[in-house]
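Asker: Numbering (the numbering used here), first residue to last: 212 to 813. Even for Gly, the Cβ is constructed at its ideal location relative to N, Cα and C.
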């Protein structure tokens, strides 16, 4: 997602609220705050048509948003920044002390978010309003990869108005690319553009969109299918083909030309330490992701310590399975290559893999009541990452359902090579991305009327990714791997993978590790296949700090549960502990206070 993340940053604020929320009385300070925050949300929604569509809010008075895309230009970024400053000033004018504890939580979270959105201005390059990303164009950033996927998976075509809106968005697509083109040119003049290997992948992905007949692109082919399903004339598909040929392709060519120019002078250094004020950029990125002030050295040592601890647990299980030769990493490499653990790298093999994931989701959904009082109403389904973006896409990711129920939540898995996804690791990935991981946590907040809209879709990487990793642990504790020691190895390998991320992310950005050193360490430590490992390292190159949020967040969640369990003894209720999710996503420092207040520890 680009800079319009609705202030979905990661960070810590002061006080937290934990009491059940009562609806504010008209005229009260709580009601004033709620109206103000709703106003903030809709002001931003009007400038983020994609988010309006994702949430199912591009209807009624906002139906016009269905035919628009966000302004990606420098002027658009400046407008966002000015709005954040104005909203921060407006919020500061409210008497926080007069608010209820629950509303103080909303106040503090949004105040911090606005402060973070403004704080990134100091770097004057890349994206800093939410996730820190120094490069406008890369294998993971840029509308060239985001918009085709968005139009395919999010834009509904039920009638002629929807179809015309699709065409309008297609017309706006080259404008978006040109806005990013100019920003990347401006950043390049400051010496800010991606390393050579990132630009190589970026060019491959641009080619995947560009080097085919327009009619075969996802932009046209997907639209044609939607038209047919809606019983609409195929004439609009011909219009789409014309737009792609005459406007979209030339815009892609302009971006490709710039990327090729930058590639000729690109360096191979992986870390953002080489950028203007790069060490400070990494510190800010890591703080934004982890909601801590841990230094690069501290993150690195934490990773090394946890790698050693988790490796010893895996070692014991593998020895019990008769695998005792070599390091833990060596044995995991061997396990990854075992024929009985691999699906064929064919379309039928991919279908079989997806079927396994769906089966695992159903198995966990049937047992959610054992650990949760509040569960999602919206369904979740599994899809493969679109072929056009799979070369640079993450291994798996989650998209929330629309608020109006018209579109389910989607858990995407990258199947560019099924050999990167051995069977023993699939269950834990599903528990992370679907249930009880991202889908449960995100949807519980989205479906809560008591949480202001600006906070329902709030994403705090340390909180959300930490929860997803905690969910993997919870699945193990619920006995999901009973009688399946290799499945438990898959879960522990996932923990090991996230601990290793602490080492390699800080290694590249704080200790000046090379791409090759980071990749070799990841493979040797976790046993994860080279293709997937390389993709992971490339991801950390363009999203500095984000990879650190998983294990740090997981550590906070598990420590909090242990703390509450110790304090409450026999009265500890796991379901009640998990009810903190109903308060919505929050920075880790706030989470600590909220959990302790709910448990009567404070």
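Answer with buried or exposed for residue 523, where buried requires no fewer than 16 other C-beta atoms within 10 angstroms of its C-beta.
Answerer: Walking along the chain shown from the start, residue 523 turns up at place 312. Exposed is the call here.
Asker: So what's residue 621 in DSSP terms, helix, strand or just coil?
Answerer: Indexing the chain shown from 1 puts residue 621 at position 410. DSSP places residue 621 in strand when its eight states are reduced to three.
Asker: Figure out for me which residue from 592, 264, 473 and 673 has the closest Cα to the Cα of residue 573.
Answerer: Counted from its first residue, the chain shown places residue 573 at position 362. Among 592, 264, 473 and 673, the Cα nearest to that of residue 573 belongs to 592.
Asker: In angstroms with no decimal places, state the Cα-to-Cα distance between residue 700 and residue 737.
Answerer: Position 489 of the chain shown, counting from 1, holds the residue named residue 700. Position 526 of the chain shown, counting from 1, holds the residue named residue 737. So the alpha carbons of these two residues sit roughly 11 angstroms apart.
Asker: If you follow the alpha helix (DSSP H) that residue 592 is in, where does it begin and where does it stop?
Answerer: If you number the chain shown from 1, residue 592 lands on position 381. No alpha helix (DSSP H) holds residue 592; the beta strand (DSSP E) holding it covers 591-595.
Asker: To the nearest angstrom, how far is the alpha carbon of residue 401 from that of residue 487?
Answerer: Within the chain shown, the letter at position 190 stands for residue 401. Within the chain shown, the letter at position 276 stands for residue 487. Taking the straight line from one Cα to the other gives about 8 angstroms.
Asker: Ordered along the chain, which non-local residues of its own chain (more than five positions away) have a Cβ less than 8 angstroms from that of residue 375?
Answerer: By 1-based counting over the chain shown, the position of residue 375 is 164. The residues are 278 and 447.
Asker: Go through the region 247-330 residue by residue and report every complete run of the alpha helix (DSSP H) that reaches 4 residues or more, in order.
Answerer: 260-265, 285-303 and 312-330, all fully within the region 247-330.
Asker: Would you say residue 571 and residue 634 are within 8 angstroms of each other, going by their C-beta atoms?
Answerer: Numbered from 1 along the chain shown, position 360 holds the residue referred to as residue 571. Numbered from 1 along the chain shown, position 423 holds the residue referred to as residue 634. For residue 571 and residue 634, no; Cβs fall outside 8 angstroms.
Asker: In this structure, does DSSP put residue 718 in helix, strand or coil?
Answerer: Looking up residue 718 in the chain shown gives position 507. Note: residue 718 maps to helix in three-state DSSP.
Asker: Can you give me the C-alpha to C-alpha distance between residue 812 and residue 754, rounded to a whole angstrom?
Answerer: To locate residue 812, count along the chain shown from 1; it is residue 601. To locate residue 754, count along the chain shown from 1; it is residue 543. Straight-line Cα distance between these residues: approximately 37 angstroms.
Asker: For the alpha helix (DSSP H) holding residue 636, just list the boundary residues, first then last.
Answerer: Locating residue 636 in the chain shown gives position 425, where the first residue counts as 1. From DSSP, residue 636 is part of no alpha helix (DSSP H); its letter is neither H nor E.
Asker: Mark residue 538 as exposed unless 16 or more other C-beta atoms lie within 10 angstroms of its C-beta, in which case mark it buried.
Answerer: Translated into the one-based positions of the chain shown, residue 538 becomes position 327. So residue 538 counts as exposed.
Asker: Please report the straight-line C-alpha distance between residue 243 and residue 301, rounded to a whole angstrom.
Answerer: As a first step, residue 243 must be located in the chain shown, where it is residue number 32. As a first step, residue 301 must be located in the chain shown, where it is residue number 90. For residue 243 and residue 301, the distance between alpha carbons rounds to 12 angstroms.
Asker: Does the count of Cβ pairs from the region 332-343 and the region 492-509 closer than 8 angstroms reach three?
Answerer: Output reads yes: the region 492-509 touches the region 332-343.
Asker: Closest to residue 584 by CA distance: which of 568, 784, 675 and 632 is it?
Answerer: Position 373 of the chain shown, counting from 1, holds the residue named residue 584. Cα-wise, what sits closest to residue 584 is 784.
Asker: Which runs of the alpha helix (DSSP H) fall wholly inside the region 533-599 and span at least 4 residues, in chain order?
Answerer: Segments of the alpha helix (DSSP H) lying fully in the region 533-599: 539-548 and 558-576.
Asker: Under 6 angstroms Cβ to Cβ from residue 214, same chain only, skipping five residues before and after it: list those, please.
Answerer: To locate residue 214, count along the chain shown from 1; it is residue 3. Note that residue 214 has pLDDT 37, beneath the 50 cutoff, so the model's placement of it is unreliable and the number below is only indicative. 338 and 340.
Asker: In the DSSP output, what is residue 344 paired with across the bridge?
Answerer: Walking along the chain shown from the start, residue 344 turns up at place 133. Note: residue 344 sits in a beta bridge opposite 338.
Asker: Label residue 643 either buried or exposed according to how many other C-beta atoms from any shown protein chain fall within 10 Å of its C-beta, with 16 as the threshold for buried.
Answerer: Your numbering for residue 643 matches position 432 in the chain shown. Classification of residue 643: buried, given that the 10 Å Cβ count is 16 or more.
Asker: What residue does the alpha helix (DSSP H) around residue 507 start on, and which one ends it?
Answerer: Counted from its first residue, the chain shown places residue 507 at position 296. Per DSSP, residue 507 belongs to the alpha helix (DSSP H) from 507-531.
Asker: Could you give the first and the last residue of the continuous beta strand (DSSP E) run that contains residue 757?
Answerer: Along the chain shown, read from residue 1 onward, the residue named residue 757 stands at position 546. Taken as a continuous stretch (DSSP letters only), residue 757 belongs to no beta strand (DSSP E), as it is neither H nor E.
Asker: Below 8 angstroms between beta carbons: does that hold for residue 368 and residue 377?
Answerer: The sequence position of residue 368 within the chain shown is 157, counting from 1. The sequence position of residue 377 within the chain shown is 166, counting from 1. The answer is yes: Cβ separation under 8 angstroms.
Asker: Measuring straight from C-alpha to C-alpha, what distance separates residue 682 and residue 328?
Answerer: Locating residue 682 in the chain shown gives position 471, where the first residue counts as 1. Locating residue 328 in the chain shown gives position 117, where the first residue counts as 1. In a straight line, the C-alpha of residue 682 is about 30 angstroms away from that of residue 328.
Asker: When burial is assigned at 16 or more other CB atoms within 10 Å of the CB, is residue 782 buried or exposed?
Answerer: Here residue 782 refers to the residue found at position 571 of the chain shown. Residue 782 should be labelled exposed.
Asker: Can you tell me where the alpha helix (DSSP H) with residue 607 in it begins and where it stops?
Answerer: In the chain shown, residue 607 corresponds to position 396, counting from 1. That residue, residue 607, is in no alpha helix (DSSP H); its beta strand (DSSP E) goes 607-610.
Asker: Put residue 388 into one of helix, strand or coil per three-state DSSP.
Answerer: By one-based count along the chain shown, residue 388 stands at place 177. In this structure, residue 388 counts as helix in the three-state DSSP scheme.
Asker: Are the beta-carbon atoms of residue 626 and residue 561 separated by less than 8 angstroms?
Answerer: Sequence index remark: in the chain shown, residue 626 carries index 415 (1-based). Sequence index remark: in the chain shown, residue 561 carries index 350 (1-based). In this structure, residue 561 lies closer than 8 angstroms to residue 626 by Cβ.
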